[in-house]
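Numbering (the UniProt record's numbering), first residue to last: 1 to 293.
Glycine is no exception: its CB is placed at the ideal position from the N, C-alpha and C atoms.
Because the structure is a prediction, the values reported are computed rather than measured.
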Amino acid sequence: MKIGFIGLGVMGARMVKRFLEAGHEVFVFNRTPEKAEFLVKLGALRAKDIPSLAEQSDVVCSCLSMPEDSIKVFLDGVIPHAKSGTICLDFSTVGVDTSRIIYQKAREKGIDYLDTPVSGGPEGVENGTLTIMVGGEKEAYERVRSLLNSLGEKIEYLGGTGSGSIAKLINQYLVAVHSIAASEAMVAGAAFGLDSEQLYKLLKLSYGQSRMLERHMEQYVLDRNFEPGGAVKYVHKDVKLANQLFEQAGLTETLGKLAENSFSQAMSIGLSDLDMSAVIKPLEDKSGVVVKK
């Protein structure tokens with residue numbers, strides 16, 4: 001199976017590596033060409049542009065930063081040039097409307113489009129343990145299920161177009177809200193003189209435990225290392241989209257609004273490109289404390 005892959009960032013590059021290890025022929029394109037170098041050395045084939053990548057591929061994958069990137073890549077580059085029967089997989093986190101727009105344009109050309117956002121981070125790709133949430137035509141999903149199995153441990157088909165995006169945005173809502181709750185709790189503890197590491201170990205064994213508390217404290221905050229796994233700006237984008245989704249469900253007074261504001265504040269003081277756990281920094285500034293070992 002010939003695979004085309006667009007977007008070679010933290011997640012995309014690792015996905016390509018796994019496809020290569022599984023024996024697939026992979027064409028790659030990234031708007032920053034340098035990011036493709038090590039993948040070419042591993043056996044990937046560099047495409048000169050998106051149209052040529054689409055023409056040569058049976059499956060076209062993308063892992064992009066913003067919804068507008070997905071719209072442009074698929075509507076301007078992939079769909080006009082891909083052959084009928086091609087399946088498109090968008091691993092990006094986008095709004096439901098974005099998924100449905102691309103799906104409709106793809107179907108008009110006899111092309112399948114699946115929204116296939118993922119959860120699990122870079123380590124999940126490397127270990128093949130991602131959770132992949134799939135929306136779209138089930139027949140198309142069945143055709144690429146083995147391909148998705150090379151990336152993920154939990155592959156869940158959820159229903160029609162947009163279903164995968166809905167599930168992922170709900171997940172990201174919880175990521176954002178739990179991140180703020182964990183940050184506020186740890187800052188409050190430090191403000192009252194508790195040892196941060198001792199408090200974290202206690203919470204980890206209590207009902208207040210959460211995956212975000214564990215991730216942020218063990219990998220980033222306590223060691224004061226905020227090199228990104230998932231950046232502040234991307235979580236802000238995700239929770240903003242999730243809040244729009246929740247409003248459509250009739251939920252207007254939500255914790256997600258507070259989380260969106262907190263991530264926005266972190267961005268306003270220059271933390272956009274740091275790991276999402278850096279959202280704790282403005283809270284520390286307010287209380288005059290630092291959560292650390």
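Through-space distance from residue j to residue i, alpha-carbon basis
| i | j | result |
| --- | --- | --- |
| G4 | V59 | 6 Å |
| D112 | G136 | 8 Å |
| E108 | I102 | 10 Å |
| D275 | S165 | 22 Å |
Identity of the residues DSSP links to residue i by a beta bridge
| i | result |
| --- | --- |
| I155 | I132 |
| L45 | F27 |
| L114 | L89 |
| V60 | G4, C88 |
| S119 | T131 |
Coarse secondary structure for residue i, derived from DSSP in three states
| i | result |
| --- | --- |
| A231 | strand |
| G4 | strand |
| D238 | helix |
| Y207 | coil |
| V125 | helix |
| D195 | coil |
| D275 | strand |
| G189 | helix |
| D69 | helix |
| D223 | coil |
| K168 | helix |
Residue i Cβ short of 7 Å to the ligand SAM heavy atom set
| i | result |
| --- | --- |
| G270 | Of the ligands one can find in the structure shown there are none, so the ligand SAM has no counterpart to examine. |
Close Cβ partners of residue i (< 6 Å) along its chain, the five nearest in sequence each way excluded
| i | result |
| --- | --- |
| L148 | I132, I155 |
| M217 | Y200 |
| L169 | L241, A242, L245 |
Same chain only: Cβ atoms within 7 Å of residue i, ignoring 5 sequence neighbours per side
| i | result |
| --- | --- |
| G50 | The sequence as given places Ile at residue 50; Gly does not occur at that position. So the qualifying residues of the chain are I6, F29, V73, G77, V78. |
| S62 | I6, G7, S70, V73, D90, F91, S92 |
| A140 | I87, D112, L114 |
| H81 | P51, A54, E55 |
Contact set for residue i: own chain, Cβ-Cβ below 8 Å, skip 5 residues either direction
| i | result |
| --- | --- |
| G128 | R18, S150, L151, G152, E153 |
- Message: As an exercise, report each continuous beta strand (DSSP E) stretch of at least 3 residues that is fully enclosed by the region 71-98, in chain order.
- Response: 87-90
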